[in-house]
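Numbering (numbering that gives the first Met the number 0), first residue to last: 0 to 327.
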Amino acid sequence: MPQHFLLSSKAKTLRLADVLRMSDAEAEAAFKKIRWTDTQGEPVCPSCGGLDAYPNPRPNGSTRYRCKACTKDFTVTSGTLFSSHKRPLRDYLAAIAIFCNEVKGKSALALSRDLGLSYKAAFVLAHKLREAMAEELRGRTVGGAGKVAEIDGGYFGGYIKPANHVENRRDRRLAFNQNGKRKAVVIIRERDGKSLPAVFKSEGAALAWIKKRIQPGTIVNADEAPSWNDLHSRFEMRRIDHSKAYSAEGACTNNAEEFFSRMRRAEIGHHHHISGAYLLRYAQEASFREDNRRVSNGDQTRMVAALAMKRGPSVDFSGYWQRHVKTA
Ligand SMILES: [Zn+2]
Numbered sequence: 000m001p002q003h004f005l006l007s008s009k010a011k012t013l014r015l016a017d018v019l020r021m022s023d024a025e026a027e028a029a030f031k032k033i034r035w036t037d038t039q040g041e042p043v044c045p046s047c048g049g050l051d052a053y054p055n056p057r058p059n060g061s062t063r064y065r066c067k068a069c070t071k072d073f074t075v076t077s078g079t080l081f082s083s084h085k086r087p088l089r090d091y092l093a094a095i096a097i098f099c100n101e102v103k104g105k106s107a108l109a110l111s112r113d114l115g116l117s118y119k120a121a122f123v124l125a126h127k128l129r130e131a132m133a134e135e136l137r138g139r140t141v142g143g144a145g146k147v148a149e150i151d152g153g154y155f156g157g158y159i160k161p162a163n164h165v166e167n168r169r170d171r172r173l174a175f176n177q178n179g180k181r182k183a184v185v186i187i188r189e190r191d192g193k194s195l196p197a198v199f200k201s202e203g204a205a206l207a208w209i210k211k212r213i214q215p216g217t218i219v220n221a222d223e224a225p226s227w228n229d230l231h232s233r234f235e236m237r238r239i240d241h242s243k244a245y246s247a248e249g250a251c252t253n254n255a256e257e258f259f260s261r262m263r264r265a266e267i268g269h270h271h272h273i274s275g276a277y278l279l280r281y282a283q284e285a286s287f288r289e290d291n292r293r294v295s296n297g298d299q300t301r302m303v304a305a306l307a308m309k310r311g312p313s314v315d316f317s318g319y320w321q322r323h324v325k326t327a
């Protein structure tokens with residue numbers, strides 16, 4: 000039996016202990032190399048692109064640069080997801096490593112215990128890491144001529160607590176007994192390729208998005224749900240009736256369902272109720288983890304750090320607790 004990837008030495012290239020032992024200067028140097036790859040870590044002015052900057056430390060001694068061309072001050076995190084960070088950079092690198100190591104998802108509460116953060120600070124940080132992961136999915140299309148993709152939908156959120164006494168119980172399947180928060184996560188997953196999730200009111204509302212994000216010429220696998228029927232006019236379709244079999248004549252959506260089993264485990268095991276404004280972020284996290292499940296923890300940490308450096312300041316959190324929640 001082949002060894003599980005996570006047990007192999009290839010999966011383990013970064014030790015958290017080494018990250019936590021880094022000095023401030025070492026953590027800063029690591030972020031500089033990740034942010035300014037083209038100049039091997041030499042500062043590049045985020046305002047004008049100038050390459051000539053000199054150290055202009057803050058009064059408290061922390062590193063800051065001044066651009067010779069436009070005279071603006073900047074740091075390694077200016078204009079990134081970690082701009083105006085409060086903690087030492089080492090903690091952010093450690094948070095990314097912890098988040099990547101926990102392959103089924105990391106709860107904010109556990110992260111707050113690991114790093115000695117308040118729950119709110121850990122919640123915001125974990126969501127910023129999901130925002131970084133989402134950066135990789137921006138503008139993605141999957142499939143192409145001769146390629147195979149699978150689509151599937153899963154419903155999340157809108158949990159209605161069952162009443163204790165039987166006479167008060169409601170049929171939670173009925174539309175008027177639902178609270179409108181129930182949303183469909185729809186996943187497109189290329190076989191042996193990348194995935195892409197999005198959130199809709201229902202599976203049927205996802206059709207225009209699916210047509211835009213799956214390249215023409217792709218063979219699309221879907222289950223028997225009538226919501227997908229309209230896609231036959233656009234793609235060569237293979238349908239699998241799950242009441243009869245999980246795979247028949249090459250048609251199956253097992254890869255798409257793996258994504259949902261990952262997301263359900265994260266929901267049940269760590270986050271309990273994932274819904275509303277943050278549902279898309281959890282889906283994007285599950286997608287990133289699924290696509291990179293065979294990438295070593297060191298490379299994953301570098302990838303997420305690089306995405307955080309690439310992405311501008313958080314759109315979900317702008318330094319204030321739950322202000323401006325957007326999910327785009
Ligand atoms: Zn400049």
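C-beta atoms are modelled at their ideal positions from N, C-alpha and C, and glycine is treated no differently.
May I ask you to check if the CB of A68 is nearer than 7 Å to at least one heavy atom of ligand 1?
Your numbering for residue 68 matches position 69 in the sequence shown. At least one heavy atom of ligand 1 is nearer than 7 Å to the Cβ of A68, so yes.
Return yes when the Cβ of S286 is within less than 8 Å of the Cβ of S194, no when it is not.
The residue given as residue 194 occupies position 195 in the sequence shown. The residue given as residue 286 occupies position 287 in the sequence shown. Yes; because the gap between Cβ atoms is below 8 Å, this pair is in contact.
Distance, Y281 Cα to R129 Cα
Taking the first residue of the sequence shown as position 1, residue 129 is located at position 130. Taking the first residue of the sequence shown as position 1, residue 281 is located at position 282. If I take the Cα positions, the gap works out to 7 Å.
I'd like to confirm something about G49: is its beta-carbon nearer than 7 Å to some heavy atom of ligand 1, or not?
Here residue 49 refers to the residue found at position 50 of the sequence shown. Because some heavy atom of ligand 1 lies under 7 Å away, the Cβ of G49 counts as near it: yes.
Can you look up M236 in the DSSP assignment and give me helix, strand or coil?
Translated into the one-based positions of the sequence shown, residue 236 becomes position 237. Three-state result, M236: strand.
If you run the structure through DSSP and keep just helix, strand and coil, what is N254?
For this step, residue 254 is matched to residue 255 along the sequence shown. Residue state, collapsed to three classes: helix.
Report the rounded CA-to-CA distance for R139 versus R238, giving the unit in angstroms.
For the purposes of this step, residue 139 is identified with residue 140 of the sequence shown, where counting begins at 1. For the purposes of this step, residue 238 is identified with residue 239 of the sequence shown, where counting begins at 1. About 24 Å.
Going by DSSP in three states, S194 sits in which element: helix, strand or coil?
Within the sequence shown, numbered from 1, the residue matching residue 194 stands at position 195. Correct three-state label for S194: strand.
What is the C-beta distance between V198 and F316, in whole angstroms, given that I count them as a contact (C-beta under 8 Å)?
Within the sequence shown, residue 198 is the residue found at index 199, counting from 1. Within the sequence shown, residue 316 is the residue found at index 317, counting from 1. Not confirmed; about 19 Å, so no contact.
For K105 and L92, what's the separation of their Cα atoms in angstroms?
What you label residue 105 is simply residue 106 of the sequence shown in a count that begins at 1. What you label residue 92 is simply residue 93 of the sequence shown in a count that begins at 1. Approximately 15 Å, taken between the alpha carbons.
Coil, strand or helix - A68 by DSSP:
Residue mapping note: residue 68 aligns to position 69 of the sequence shown, counting from 1. Residue state, collapsed to three classes: coil.
By alpha-carbon positions, which one of D191, Y64, L279 and V219 ends up nearest to R137?
Here the question's residue 137 lines up with position 138 in the sequence shown. Out of D191, Y64, L279 and V219, L279 has the C-alpha closest to the C-alpha of R137.
When the Cα atoms are used, what is the spatial distance from N176 to G40?
The sequence position of residue 176 within the sequence shown is 177, counting from 1. The sequence position of residue 40 within the sequence shown is 41, counting from 1. With a pLDDT of only 48 at N176, under 50, the local geometry of the prediction cannot be trusted, and the value read off the model is given with reservation. N176 and G40: Cα-Cα distance of roughly 56 Å.
Apart from the five residues just before and just after N291, which ones in its own chain have a Cβ nearer than 6 Å to its Cβ?
As a working note, residue 291 is residue 292 in the sequence shown. The answer, listed in chain order, is Q299.
Can you check whether the CB of I186 is closer than 8 Å to the CB of G142?
As a working note, residue 142 is residue 143 in the sequence shown. As a working note, residue 186 is residue 187 in the sequence shown. The answer is no: Cβ separation not under 8 Å.
Alpha carbon to alpha carbon, what distance is there between T252 and V219?
As a first step, residue 219 is located in the sequence shown; it is residue number 220 there, counting from the start. As a first step, residue 252 is located in the sequence shown; it is residue number 253 there, counting from the start. Their backbone Cα atoms lie some 9 Å apart in a straight line.
Whether or not the stretch 303-310 and the stretch 28-37 are in contact is what I'm after, with contact meaning three or more pairs of Cβ atoms, one per stretch, closer than 8 Å; do they touch?
yes
Measuring straight from C-alpha to C-alpha, what distance separates H323 and P225?
Here residue 323 refers to the residue found at position 324 when the sequence shown is read from its first residue. Here residue 225 refers to the residue found at position 226 when the sequence shown is read from its first residue. Residue placement at H323 is poorly supported in this model, since its pLDDT is 45, which falls under 50; the coordinates still yield a value, given next. Rounded to whole angstroms, H323 to P225 spans 37 Å at the Cα level.
Length of the line joining the Cα atoms of K180 and Y154:
Indexing the sequence shown from 1 puts residue 180 at position 181. Indexing the sequence shown from 1 puts residue 154 at position 155. Roughly 10 Å separates the two Cα atoms.
Could you please give me the residues that DSSP links to A24 through a beta bridge?
Counted from its first residue, the sequence shown places residue 24 at position 25. For A24, which the question treats as bridged, DSSP gives no partner whatsoever.
Following the continuous beta strand (DSSP E) through R188, name the residue where it begins and the one where it ends.
As a working note, residue 188 is residue 189 in the sequence shown. Counting along the chain, the beta strand (DSSP E) containing R188 begins and ends at K182 to E189.
Cβ neighbour criterion (16 or more within 10 Å) applied to R293:
In the sequence shown, residue 293 corresponds to position 294, counting from 1. Counting Cβ neighbours within 10 Å, R293 comes out exposed, since fewer than 16 surround it.
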